[in-house]
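Only one structure is covered here, and it is reproduced in the block below.
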Amino acid sequence: MGILSAAFVRRQLMRDTPPERIDVSAYELDKTLIPGLEKTFEACRAACEEMDVEFSAIVRNADFIGEGAEMLRNDLFSTTQQTFDAAIVNPPYGKLSTTSAAYRLLCGVKAETTNLYTAFLNLIIGLLKSGGELVAITPRSFCNGPYFRLFRQNLLRQMSFRDIHIFDSRSAAFKHDKVLQENIILHAVKHGKATRTIRISRSGGAEGDGVRTRVLPTNEIASPNDAEAFIHIPTSERHLAAREQVCGLDATLATLGLTVSTGRVVDFRARDHLRQKPGNNTAPLIYPCHFQGLFVNWPKLDARKPNAIENNSHTANLLVPAGVYVLTKRFTSKEERRRIVACIYTPDRGAPGPVGFENHVNYVHANGRGLDLVLAKGLWAFLNSSVLDLYFRQFNGHTQVNATDLRNVHFPTAAQLGSMGTRIGDEPLPQDAIDELIREELKA
Ligand SMILES: C[S@@+](CC[C@H](N)C(=O)[O-])C[C@H]1O[C@@H](n2cnc3c(N)ncnc32)[C@H](O)[C@@H]1O
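The working numbering puts the sequence shown at residues 35 to 478.
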């Protein structure tokens with residue numbers, strides 16, 4: 035209990051010139067943990083005394099969101115100190131409802147966000163002095179995706195990164211808590227001058243694992259020109275090479291005249307119109323379970339998911355016109371080899387009329403209509419390639435692939451995609467053949 039504060043104190047005492055005093059404010063909601071914290075701080079006090087460093091600790095058995103927001107508002111009744119030189123934190127994770135009291139408190143100090151850990155960090159960033167340092171161990175999920183964009187923008191505006199540590203294993207760091215989460219440790223300085231480089235280290239996650247460190251240009255990790263404020267964390271030569279290759283591609287979906295959207299059929303909202311089997315006046319309804327290699331396998335009558343949606347006045351705007359579409363799964367299980375899994379829908383493998391794509395599927399279209407089949411095959415190969423997967427994993431710490439993520443990826447040109455597409459027949463290519471095709475077609 036309180037191991038992070040203890041590590042901080044130990045590090046201060048190891049400095050050539052230790053500080054004159056250390057005042058710790060510690061927050062813990064769970065009162066059963068308070069005696070353990072107090073014991074740790076007693077040990078800190080004893081260690082400080084030996085070095086002639088004054089030590090005090092206030093252990094607050096209180097909600098940090100409430101008190102942190104209060105401190106930030108500089109409330110007259112606030113009894114705790116107002117600003118901090120340093121913060122070290124392993125905040126709780128979990129969604130924060132926009133209707134909760136905590137969310138309202140956060141809004142009051144412009145720190146609103148919808149996850150507990152980003153709420154803690156927003157408050158802490160506000161409470162740090164200029165030049166103050168933050169060390170936080172958190173999920174990696176904030177590094178990309180629209181959900182955390184505002185948080186990232188605040189983080190990058192106020193803090194400058196010095197070190198980032200990532201764990202190879204999703205389960206080792208918190209195996210006792212059954213948390214399956216990619217975690218990172220972040221060290222950043224408030225209003226610090228951006229350094230040219232950031233130190234990136236990684237380790238297995240289990241105790242005693244070796245740590246590998248490399249130094250990378252700051253603008254490769256977080257670029258001030260990126261409207262999404264993504265935080266990219268490349269960690270090996272292979273990752274760096276993939277990053278260079280994908281970033282060097284000339285097109286984006288937008289320049290190809292294409293758009294990616296999230297499937298419009300939210301099944302529980304359209305429940306009355308869903309059918310297990312296709313019938314008269316129904317359109318195919320495509321779920322991730324219909325993905326099979328190159329093309330969708332539809333209908334799948336033994337699947338637990340419905341195969342069709344009625345085509346009527348209620349569902350008309352949920353359907354898209356008949357055509358060829360490239361689909362990607364929005365969620366992949368951790369067993370899946372790649373984060374991006376793409377598949378092609380064609381009317382001759384579905385039904386001639388309009389089609390419904392379920393909300394767990396993203397679909398690539400040309401202004402609401404289908405694509406040329408050869409182009410679609412080229413997109414299929416690129417989206418399923420190992421190089422894109424290696425690139426994508428660097429900034430996508432979770433198993434979700436949002437439409438925004440795909441909008442920000444660089445793609446081969448239409449000519450390159452077309453050339454790839456002509457080399458693909460009706461059978462899916464195995465992974466090594468996809469990768470070979472991409473290597474040959476994207477060779478400079
Ligand atoms: C991921 S654990 C980290 C524990 C601690 N930092 C450590 O290193 O041992 C998060 C802790 O935050 C506490 N917690 C959860 N919500 C809180 C809140 N609103 N205010 C203060 N503490 C909270 C939990 O009880 C839990 O002990």
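Cβ coordinates follow ideal geometry from the N, Cα and C atoms, glycine included.
For clarity, every value in this text was computed on a predicted model and none was experimentally measured.
Original post:
So is the beta-carbon of Tyr61 under 7 Å away from any non-hydrogen atom of ligand 1?
Top reply: Position 27 of the sequence shown, counting from 1, holds the residue named residue 61. True, at least one ligand heavy atom lies under 7 Å from that Cβ.
Subject >> Rounded separation between Ile68 and Val93 - CA only >> reply: By one-based count along the sequence shown, residue 68 stands at place 34. By one-based count along the sequence shown, residue 93 stands at place 59. Whole-angstrom Cα-Cα distance: 7 Å.
Original post:
Given that a residue counts as buried once 16 or more other Cβ atoms are within 10 Å of its Cβ, and exposed if not, what is Lys73?
Top reply: What you label residue 73 is simply residue 39 of the sequence shown in a count that begins at 1. With a threshold of 16 other beta carbon atoms within 10 Å, Lys73 falls short and is exposed.
**OP:** Please check the pair Val435 and Leu413, which I expect to be a contact at CB under 8 Å, by giving their CB distance rounded to whole angstroms.
**Re:** For this step, residue 435 is matched to residue 401 along the sequence shown. For this step, residue 413 is matched to residue 379 along the sequence shown. Between Val435 and Leu413, the beta carbon gap of about 14 Å keeps them out of contact (Cβ cut-off 8 Å).
Original post:
Got a sec? Which residues, its chain only, sit under 7 Å from Thr456 by beta carbon, not counting five neighbours each side?
Top reply: Translated into positions along the sequence shown, residue 456 becomes position 422. Excluding positions up to five away in sequence, the list reads Val408.
Original post:
Given a threshold of 16 other Cβ atoms within 10 Å of its Cβ, counted over all protein chains shown, does Asp439 qualify as buried or as exposed?
Top reply: The count along the sequence shown starts at 1 and reaches residue 439 at position 405. Asp439 counts as buried, since no fewer than 16 other beta carbons sit within 10 angstroms of its beta carbon.
**OP:** Could you check which residue in Leu424, Lys339, Tyr379, Arg372 has the C-alpha nearest to that of Val354?
**Re:** In the sequence shown, the residue the question calls residue 354 occupies position 320. The option with the nearest alpha carbon to Val354 is Tyr379.
Original post:
Can at least three beta-carbon pairs, one atom from the region 322-334 and one from the region 456-468, be found at a separation below 8 Å?
Top reply: The region 322-334 vs the region 456-468: in contact.
Original post:
With respect to 7 Å, is the separation between the Cβ of Pro126 and the closest non-hydrogen atom of ligand 1 below this value?
Top reply: Indexing the sequence shown from 1 puts residue 126 at position 92. Yes, Cβ of Pro126 sits closer than 7 Å to a heavy atom of ligand 1.
Original post:
Can the beta-carbon of Pro268 be found less than 8 Å from the beta-carbon of Gln310?
Top reply: For this step, residue 268 is matched to residue 234 along the sequence shown. For this step, residue 310 is matched to residue 276 along the sequence shown. The Cβ atoms of Pro268 and Gln310 lie no closer than 8 Å to each other.
Original post:
Would you call the CB atoms of Thr252 and Ile265 closer than 8 Å?
Top reply: The residue you call residue 252 lines up with position 218 of the sequence shown. The residue you call residue 265 lines up with position 231 of the sequence shown. Taking 8 Å as the Cβ cut-off, Thr252 and Ile265 do not qualify as a contacting pair.
**OP:** May I ask you to report which of helix, strand or coil DSSP gives Val485?
**Re:** With the chain represented from 35 up to 478, any question about residue 485 goes unanswered, as that position is not in the structure.
Original post:
Are there 16 or more other CB atoms within 10 angstroms of the CB of Met48, so buried, or fewer, so exposed?
Top reply: The count along the sequence shown starts at 1 and reaches residue 48 at position 14. With fewer than 16 other Cβ atoms within 10 Å, it is exposed.
Original post:
DSSP three-state call for Met454: helix, strand or coil?
Top reply: The residue labelled residue 454 in the question sits at position 420 within the sequence shown. Assignment of Met454 by DSSP, reduced to helix, strand and coil, places it in the helix class.
**OP:** Run through the region 180-244 for me and flag every whole beta strand (DSSP E) of 3 or more residues, listed as ranges in chain order.
**Re:** Here the runs fully enclosed are 193-201, 217-224, 231-237.
Original post:
With C-beta atoms as the reference, is Phe98 less than 8 Å away from Phe154?
Top reply: Translated into the one-based positions of the sequence shown, residue 98 becomes position 64. Translated into the one-based positions of the sequence shown, residue 154 becomes position 120. Yes. Within cutoff.
Original post:
Any chance the CB of Met105 is under 7 Å from a heavy atom of ligand 1?
Top reply: Residue mapping note: residue 105 aligns to position 71 of the sequence shown, counting from 1. For ligand 1, not one heavy atom lies less than 7 Å from the Cβ of Met105.
Original post:
Looking at the unbroken beta strand (DSSP E) that takes in Leu168, where does it start and where does it end?
Top reply: Here residue 168 refers to the residue found at position 134 when the sequence shown is read from its first residue. Going by DSSP, Leu168 is part of the beta strand (DSSP E) stretching over 162-173.
Original post:
Can you tell which of Asn345, Val143, Ala410 has its C-alpha closest to the C-alpha of Leu106?
Top reply: Taking the sequence shown and counting its residues from 1, the one referred to as residue 106 is at position 72. For Leu106, the closest of Asn345, Val143, Ala410 by C-alpha to C-alpha distance is Val143.
Original post:
Hey, is Leu38 close to ligand 1, as in C-beta under 7 Å from one of its heavy atoms?
Top reply: Working through the sequence shown from its first residue, we reach residue 38 at position 4. Checking the Cβ of Leu38 against ligand 1 gives yes.
Original post:
Quick one, which of Gly226, Asp202, Thr172, Arg427 has its alpha-carbon nearest Met193's?
Top reply: Position 159 of the sequence shown, counted from the first residue, corresponds to residue 193. Among Gly226, Asp202, Thr172, Arg427, the Cα nearest to that of Met193 belongs to Gly226.
Original post:
For Leu352, does the count of other Cβ atoms within 10 angstroms reach 16, so buried, or fall short, so exposed?
Top reply: The residue you call residue 352 lines up with position 318 of the sequence shown. By the 10 Å Cβ count, Leu352 comes out buried.
Original post:
Which residues bound the alpha helix (DSSP H) around Tyr137?
Top reply: Numbered from its first residue, the sequence shown carries residue 137 at position 103. Boundaries of the alpha helix (DSSP H) around Tyr137: 135-142.
Subject >> From Ser257, Phe75, Ile200, residue whose alpha carbon lies closest to that of Ala91 >> reply: Here residue 91 refers to the residue found at position 57 when the sequence shown is read from its first residue. Taking only the C-alpha atoms, the option nearest Ala91 is Phe75.
**OP:** Inspect the beta-carbon positions of Lys224 and Ile159 and report whether they are closer than 8 Å.
**Re:** In the sequence shown, residue 224 corresponds to position 190, counting from 1. In the sequence shown, residue 159 corresponds to position 125, counting from 1. Contact: yes.
Original post:
If we count Cβ pairs, one from each stretch, closer than 8 Å, do we get three or more for the region 280-290 versus the region 371-387?
Top reply: Using a C-beta cut-off of 8 Å, the region 280-290 makes no contact with the region 371-387, since fewer than three inter-stretch Cβ pairs fall below that distance.
Original post:
Among Ile56, Leu290, Arg183, Trp332, which one has its Cα closest to the Cα of Asp260?
Top reply: Within the sequence shown, numbered from 1, the residue matching residue 260 stands at position 226. Checking every option, the nearest Cα to that of Asp260 belongs to Arg183.
Original post:
With which residues is Cys377 paired in a DSSP beta bridge?
Top reply: Here residue 377 refers to the residue found at position 343 of the sequence shown. Under DSSP, Cys377 takes part in a beta bridge, and its partners are Leu361.
Original post:
Between Ile468 and Ser419, what straight-line distance do the alpha-carbon atoms span, to the nearest angstrom?
Top reply: For the purposes of this step, residue 468 is taken as residue 434 along the sequence shown, with counting starting at 1. For the purposes of this step, residue 419 is taken as residue 385 along the sequence shown, with counting starting at 1. Those two C-alpha atoms are separated by around 6 Å.
Subject >> Endpoints, the beta strand (DSSP E) within which Asn396 is located >> reply: Indexing the sequence shown from 1 puts residue 396 at position 362. Looking at the DSSP string, the run of the beta strand (DSSP E) that includes Asn396 is 395-399.
Subject >> ligand 1 heavy atom lying under 7 Å from the CB of Met85 >> reply: Your numbering for residue 85 matches position 51 in the sequence shown. Not so, every heavy atom of ligand 1 lies at least 7 Å from the Cβ.
Original post:
Would the region 284-303 and the region 441-449 be scored as touching if the rule is three or more Cβ pairs under 8 Å?
Top reply: At 8 Å Cβ cutoff, the stretches touch.
Subject >> Classification of Asp64 by the beta-carbon crowding that lies within 10 angstroms, buried from 16 upward >> reply: Within the sequence shown, residue 64 is the residue found at index 30, counting from 1. Note on Asp64: under 16 other CB atoms within 10 angstroms of its CB, so exposed under the neighbour-count rule.
Subject >> Unbroken alpha helix (DSSP H) run spanning Asp466, endpoints >> reply: Within the sequence shown, the letter at position 432 stands for residue 466. 465-476 is the extent of the alpha helix (DSSP H) around Asp466.
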